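>
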Amino acid sequence: MSTELTESAVPPSTEPPSAPSRRTFIATTTAVGGAVVAGGLTTGPAALAAEPEAAAEAPPSGRVSLTVNGKRHTVTVDNRTSLLDLLREHLNLPGSKKGCNAGACGACTVLVDGRRVNSCLTLAVRLEGVEVTTIEGLAPGGEDGELHPLQKAFIEEDAFQCGYCTPGQIMSGVGCIQEGHTGSRDEIREWMSGNICRCGCYVKIVRAVEQTAHGK
Ligand code: FES
Ligand code: FES
20 MSTELTESAV PPSTEPPSAP SRRTFIATTT AVGGAVVAGG LTTGPAALAA
70 EPEAAAEAPP SGRVSLTVNG KRHTVTVDNR TSLLDLLREH LNLPGSKKGC
120 NAGACGACTV LVDGRRVNSC LTLAVRLEGV EVTTIEGLAP GGEDGELHPL
170 QKAFIEEDAF QCGYCTPGQI MSGVGCIQEG HTGSRDEIRE WMSGNICRCG
220 CYVKIVRAVE QTAHGK
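Each step along the sequence shown adds one to the number in the numbering used here, with nothing skipped, and position 127 is 146.
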């Protein structure tokens, strides 16, 4: 015998006498929705017609001058623009990656005045006068020149698989070395812990940072 419950299988006595049926509930909410539209409150064609007026208001924007990879830029951006979006969408520098866009993965790491930051959490308009270094500006010989020692070490140690986290790992590794947090592999692991590698290349990443810091 089937034990599946259907609407008709529910004994009438289990439903409180005053509870609305599904049919009356739908009828009631439809009527209320119609009343809201008729009253010109929040939804429906009447409200949509008013939208262009609100959309005409431009979002607040700001002007900022900053140096990126040795080149000065002055831009006007929406105040909500992150440094990551400024780099990728306004300055055509897509090397810094957008992983979580919430400060949790480190794929967007760049150096601001020599300090590593999550560019997805940094508002561009607050960076007046700063110097930003991204993965594109790391190699001393430029894009076609000699690589940075940590870039070479990543290649020698084969410290990547898909490569999506790699720009952030390298920029964070440069910061880690400059800060002097390379006394041991544990210390490197600790100070690189904000950079996630979904491919699990951590052992080789730590080796690459260590090799660059100590020539091992
Ligand atoms: Fe910035 Fe993940 S994209 S921390
Ligand atoms: Fe794939 Fe790190 S190499 S996420």
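We treat Cβ as the ideally placed atom computed from N, Cα and C, and that holds for glycine.
Computed from a predicted structure; not experimentally measured.
Inspect the beta-carbon positions of G133 and S84 and report whether they are closer than 8 Å.
If you number the sequence shown from 1, residue 133 lands on position 114. If you number the sequence shown from 1, residue 84 lands on position 65. Result no, Cβ atoms of G133 and S84 do not sit closer than 8 Å.
> Are there three or more Cβ pairs, one per stretch, closer than 8 Å when the region 217-227 is compared with the region 152-164?
Contact fails: fewer than three Cβ-Cβ distances are below 8 Å.
> For E176 versus R226, is the C-beta spacing smaller than 8 Å?
Taking the sequence shown and counting its residues from 1, the one referred to as residue 176 is at position 157. Taking the sequence shown and counting its residues from 1, the one referred to as residue 226 is at position 207. Yes, the Cβ-Cβ distance between E176 and R226 is below 8 Å.
> Spatial neighbours of E206 within its chain, please: C-beta separation below 8 Å, excluding the five flanking residues on both sides.
Taking the first residue of the sequence shown as 1, we reach residue 206 at position 187. Answer for E206: H200, listed in chain order.
> Straight-line CA distance for R204 to Q180?
Sequence index remark: in the sequence shown, residue 204 carries index 185 (1-based). Sequence index remark: in the sequence shown, residue 180 carries index 161 (1-based). Each residue's Cα considered, the two are about 21 Å apart.
> Going by DSSP in three states, L169 sits in which element: helix, strand or coil?
Within the sequence shown, numbered from 1, the residue matching residue 169 stands at position 150. Looking at L169 - three-state DSSP - the assignment turns out to be helix.
> Can you tell me whether H200 is helix, strand or coil according to DSSP?
Here residue 200 refers to the residue found at position 181 of the sequence shown. H200: coil per DSSP, three-state reduction.
> What are the uninterrupted segments assigned as alpha helix (DSSP H) that are 4 or more residues long and contained completely in the region 123-199, given in chain order?
168-176, 185-198
> Quick check on the DSSP output: the alpha helix (DSSP H) that includes R226 runs from which residue to which?
Walking along the sequence shown from the start, residue 226 turns up at place 207. Start and end: 221-233.
> What would DSSP say about L102, mapped onto helix, strand or coil?
Taking the sequence shown and counting its residues from 1, the one referred to as residue 102 is at position 83. It is helical.
> Is it true that the CB of G194 sits closer than 8 Å to the CB of K116?
Taking the sequence shown and counting its residues from 1, one reaches residue 116 at position 97. Taking the sequence shown and counting its residues from 1, one reaches residue 194 at position 175. No; because the gap between Cβ atoms is not below 8 Å, this pair is not in contact.
> Within a Cβ cutoff of 7 Å, which residues of the same chain sit near G164, ignoring the five residues on either side of it in sequence?
Stepping through the sequence shown from its first residue, residue 164 is reached at position 145. Cβ within range, chain order: A158.
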